[in-house]
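In order, the protein sequences belong to chains A and B.
Residue 1 is where the first sequence starts when you use the working numbering, and the numbers rise one by one after that.
Residue 1001 is where the second sequence starts when you use the working numbering, and the numbers rise one by one after that.
Ideal Cβ positions, reconstructed from N, Cα and C, are used throughout, including at glycine.
This structure is a prediction, so every number in the text was calculated from the model and none was measured.
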Amino acid sequence: MTKSIRKYALLLLMCMAPITVLALDSQELPDVKEGIVSIETKEPVRLVGYTVGDVIEREITLTIKAPYKLIDTSLPIPGYEKRYKGQLIGIELKSINHVKEESKNQTTHHIKLAYQVFTNNVVAKPASLGPEYLNLINTEDKDDLVKYRIPSLSIAISPIAIFGQVKIENNMSPFLGPLLISDHKEIQTLEISLVVLALSLTGLLYILGKRAWLPRMGRAFARTYRAVRKTENTEDGLKQAISALHQAFNTTAGMSVFNDNLSEFLHNHPDFHPIRPEIEEFFNLSRQVYFEPSFQPESKYGVNNDPHKWLINFTRHCRDCERGLIPEPMKAGA
Amino acid sequence: MSDAQLADWRNLALTLETEVNKVVVGQHTPIRLITTSIFARGHVLLEGDVGVGKTTLLRAFTRGIGGGYQRIEGTIDLMPNDLVYHTYLGEDGKPHVSPGPLLMSGENLSVFFFNEINRARPQVHSLLLRVMAERSLSAFNAEHYFPHMIVFADRNQVEKEETFEIPSAARDRFMMEIPIVVPADDDIMEALVFDTRFHNVDALVETIKADILQFDELNTFSGVLQNSIVASETLKKYALNLWKATKAPLDYGVKVSGVDMNRLVLSGASPRGMSMMLRAARVNAWLNNRSAVLPDDIHAVFHATIAHRLVFSPVYEMRRTEIAREMLTGIINAVSAP
């Protein structure tokens, strides 16, 4: 070993010496007086079930009243392995985040400690985070060195897997909730089944409702209204429209409806009563078109002006009656 | 004939109806049907219980239309010659022959009423049917004509003993079978019993205005009437469908409760029957001041002109009246026009 190397080694030893002394001293220093330091901690929610690789965080807020101050070098050092009764417990301080807020009368330290688990066992075993010892110094009396103990946090290290035949009930921790089986698939199946059931019921209602999406829709006059609107305003179109309307009346009544049994139809289908005069006018129009061309019906609602247009309006009124609505009275000349 | 003349005759026909309705109360429908048959020149089969006013009804019509009225009672020992002549010993002790009911009024015979026709023998039916069809009769080496005659026959459907059912071919000669029933209205029933006006039939009939119509002009007018009232193509198709439905009601979805429809109808309406129905429908249209036949006109005469022509399986014959009514109503409800 050369002289210069020896010189550097001695210098390094001298630099480390105060730290070592301080570290050793911190255990032996007197505790800080009560009321000087107040602490708030934010602990992890879960205290059990940790295994190798897990990171556990603690947040500690210390408020130190003047004239005492924290000796920053007493803060825990990342990488330091924790020991319990001299034995390594397999928990290492992974990182520390320290933020200091100073004021005239006190200093607030926000310390965030992150521990990582490097141990495991075949059965659950207790472990603890901390305690951590911090050193304080009285700024008015440099010899007044005291220590403050951040309390430890007990946790449980759990095995990664259970070996052998295990009776779950005997190993259930009172801190653990019941073990849940994943019901995701069942819920998904239930949801799909409910959708299928809803669709089936909708389809059944559609079929039972005689292919009408809503009650009283898609009935005879609704279909006829669509058909009549498509007929042309010609003699043939007029005949088709009248014939379609007759069919609608027959379908609705369940029998052939003529002028001589119109009262019976209205008695059985009172929804059509409001348009009785229009129905009579329709039958007169039918009489003229199909049976007696020389017949000139008295037109109260303007059937003679434009029979085709009149028929479209009349069919709409019939459709409204079919749906249980009361149509607006047809105006003369409509 | 002009529309005005048609209207004049219609007014006369309606007057006749009104007059008859005054003396035979509660029988509007039969009276309208008889008026129709008079103008359609068709014979009528009356169906009804005893004492419901059939004779009064016919006498009232006869007084209104004029001409001769003859009546004969059907009995089991009635022979065809009883309709033609009577033989008797005169005061001179010699046999004499006098005209029977058919010949008594000669060509002026306008109404011949055969009461309880189903009590007469088939031989009598045979003679009567020839007279009905041809309106002529061979007797005493001469041909006798009854151009204005309409036969009204009554059959008692209640009693079956010592009766001869009229065969279907004979029934088909009648234009209509009209049911005469006791009116259901309490006031009318009370009047029929307590109103002394109805006790003396002769006096009652005398109250009717005589000779409202000219019976010997009815044939001519009937022809004119039939030519004046038109039937559209739609109506012809409708009538044709009705006819088909009488032959095969099941094809049109017609059912009668408690009846095997496959076995019910042996024969539907005949061509003659349908022709008579259209004649009657035209008259009904004219009476309602229409120039064309409507389905309503057919409905008005459908039961009366068709029901008695249907030939049912023998097992259903006992219920023919109700079955025929239900079946024909079903046909009207099932067949549509247009």
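- Message: Assuming the contact rule is C-beta atoms closer than 8 angstroms, residue 77/A and residue 119/A should be a hit. Round their C-beta distance to whole Å, please.
- Response: Wrong, their Cβ atoms sit about 20 angstroms apart, outside the cutoff.
- Interface positions of the region 1271–1298 of chain B facing chain A (Cβ-Cβ less than 8 angstroms), listed along the chain: Cβ contacts with chain A: 1290, 1291, 1292, 1293, 1294, 1295, 1296.
- Message: On the DSSP letters alone, give me the boundaries of the beta strand (DSSP E) that residue 57/A sits inside.
- Response: Counting along the chain, the beta strand (DSSP E) containing residue 57/A begins and ends at 55–65.
- Query: residue 1115/B and residue 1154/B: beta carbons closer than 8 angstroms?
  - Reply: Remark: C-beta atoms of residue 1115/B and residue 1154/B approach each other more closely than 8 angstroms.
- Query: Nearest chain B C-beta to residue 200/A closer than 8 angstroms, yes or no?
  - Reply: With a threshold of 8 angstroms between beta carbons, residue 200/A makes no contact with chain B.
- Item | Identity of the residue in 1249/B, 1022/B, 1161/B, 1238/B nearest residue 1188/B by Cα | Ranking 1249/B, 1022/B, 1161/B, 1238/B by Cα distance to residue 1188/B puts 1022/B first.
- Report yes or no: do the region 1201–1208 of chain B and the region 1263–1274 of chain B share at least 3 C-beta pairs separated by less than 8 angstroms? The region 1201–1208 of chain B, when compared against the region 1263–1274 of chain B, does not touch it at the 8 angstroms Cβ threshold.
- Do residue 52/A and residue 122/A have their CB atoms nearer than 8 angstroms? Contact flag unset, no.
- Span separating the alpha-carbon of residue 1182/B from that of residue 1046/B: Those two C-alpha atoms are separated by around 13 angstroms.
- Query: Does DSSP classify residue 284/A as helix, strand or coil?
  - Reply: Reduced to three states, the DSSP call for residue 284/A is helix.
- Candidates 299/A, 275/A, 307/A: closest to residue 289/A by CA position: For the residues 299/A, 275/A, 307/A, the minimum Cα distance to residue 289/A belongs to 307/A.
- Message: Helix, strand or coil, according to DSSP, for residue 24/A in the structure here?
- Response: Residue placement at residue 24/A is poorly supported in this model, since its pLDDT is 44, which falls under 50; the coordinates are not used for a value here.
- Does the beta-carbon of residue 21/A have 16 or more other beta-carbons within 10 angstroms, so that it is buried, or is it exposed? Residue confidence is low: residue 21/A scores 41 on pLDDT, short of 50, so the model does not pin down where it sits. No coordinate-derived value is stated.
- Message: Could you pull the DSSP bridge partners for residue 225/A from this structure?
- Response: Its beta-bridge partners do not exist; DSSP assigns none.
- Report the neighbours of residue 1234/B on chain A: residues whose CB is nearer than 8 angstroms to its CB, in chain order. Per Cβ cutoff of 8 angstroms: 290, 291.
- Message: Output needed in chain order: residues of the region 253–269 of chain A with a Cβ under 7 angstroms from some Cβ in chain B.
- Response: The region 253–269 of chain A vs chain B, Cβ under 7 angstroms: 255, 256, 258, 259, 260.
- Query: How do the region 1072–1086 of chain B and the region 1030–1043 of chain B stand: do at least 3 beta-carbon pairs fall below 8 angstroms, yes or no?
  - Reply: As far as the Cβ criterion goes, the region 1072–1086 of chain B does not touch the region 1030–1043 of chain B, which means the pair count is below three.
- Query: Mind pulling the chain A residues with CB within less than 8 angstroms of residue 1334/B?
  - Reply: The answer, in chain order, is 255, 256.
- Task: Would you verify that the beta carbon of residue 284/A is, or is not, closer than 8 angstroms to some beta carbon of chain B?
- Result: With 8 angstroms as the cut-off, residue 284/A does not count as an interface residue toward chain B.
- Taking residue 113/A as the reference, give the member of 87/A, 79/A, 124/A, 222/A with the closest Cα. Closest option to residue 113/A, Cα to Cα, is 79/A.
- Message: What does DSSP give as the partner residue(s) for residue 1071/B in the beta ladder?
- Response: The partner list for residue 1071/B (beta bridge, DSSP) reads 1113/B.
- Message: Looking at the secondary structure, which residues open and close the alpha helix (DSSP H) in which residue 47/A lies?
- Response: No alpha helix (DSSP H) contains residue 47/A, which DSSP labels as neither H nor E.
- Mark residue 1218/B as exposed unless 16 or more other C-beta atoms lie within 10 angstroms of its C-beta, in which case mark it buried. By the 10 Å Cβ count, residue 1218/B comes out buried.
- Message: Strictly under 8 angstroms for the Cβ-Cβ distance: is residue 1338/B near chain A by that measure?
- Response: Contacts with chain A at 8 angstroms (Cβ-Cβ) include residue 1338/B.
- Which stretch, first to last residue, makes up the alpha helix (DSSP H) that contains residue 1189/B? Bounds of the alpha helix (DSSP H) holding residue 1189/B are 1186–1194.
- Item | Spatial distance of residue 23/A from residue 187/A (CA atoms) | Legend: pLDDT at residue 23/A = 47, less than 50; position of this residue unreliable, value from coordinates given subsequently. So the alpha carbons of these two residues sit roughly 58 angstroms apart.
- Task: Quick one: using the 10 Å Cβ neighbour count with 16 as the cut-off for buried, is residue 1166/B buried or exposed?
- Result: Within a 10 Å sphere around the beta-carbon of residue 1166/B sit 16 or more other beta-carbons, which makes this residue buried.
- Check whether the region 1232–1243 of chain B touches the region 1190–1205 of chain B, taking contact to mean three or more Cβ pairs, one atom from each stretch, closer than 8 angstroms. No, the region 1232–1243 of chain B does not touch the region 1190–1205 of chain B.
- Item | Residue-level contact to chain B via CB, residue 219/A, 8 angstroms cutoff | Interface annotation, residue 219/A: not in contact with chain B, CB-CB separation never under 8 angstroms.
- Item | Backbone CA spacing between residue 315/A and residue 1005/B [nearest angstrom] | Here the alpha carbons of residue 1005/B and residue 315/A stand approximately 41 angstroms from one another.
- Message: Looking only at its chain, what residues have a beta carbon closer than 8 angstroms to the beta carbon of residue 271/A, apart from the 5 residues adjacent to it on each side?
- Response: Cβ neighbours of residue 271/A beyond the five flanking positions: 321, 322, 324.
- Query: Of all the CB atoms in chain B, is at least one closer than 8 angstroms to the CB of residue 287/A?
  - Reply: Judged by the 8 angstroms Cβ criterion, residue 287/A is in contact with chain B.
- Query: Can you find at least 3 beta carbon pairs, one from the region 1049–1069 of chain B and one from the region 1092–1099 of chain B, that sit closer than 8 angstroms?
  - Reply: The region 1049–1069 of chain B, when compared against the region 1092–1099 of chain B, does not touch it at the 8 angstroms Cβ threshold.
- Message: I need the straight-line Cα distance from residue 19/A to residue 182/A, nearest angstrom please.
- Response: Because residue 19/A carries a pLDDT of 45, less than 50, the predicted location of this residue cannot be relied on, and no value is offered for it.
- From 1070/B, 1278/B, 1312/B, 1326/B, residue whose alpha carbon lies closest to that of residue 1176/B: For residue 1176/B, the closest C-alpha among the options 1070/B, 1278/B, 1312/B, 1326/B is that of 1278/B.
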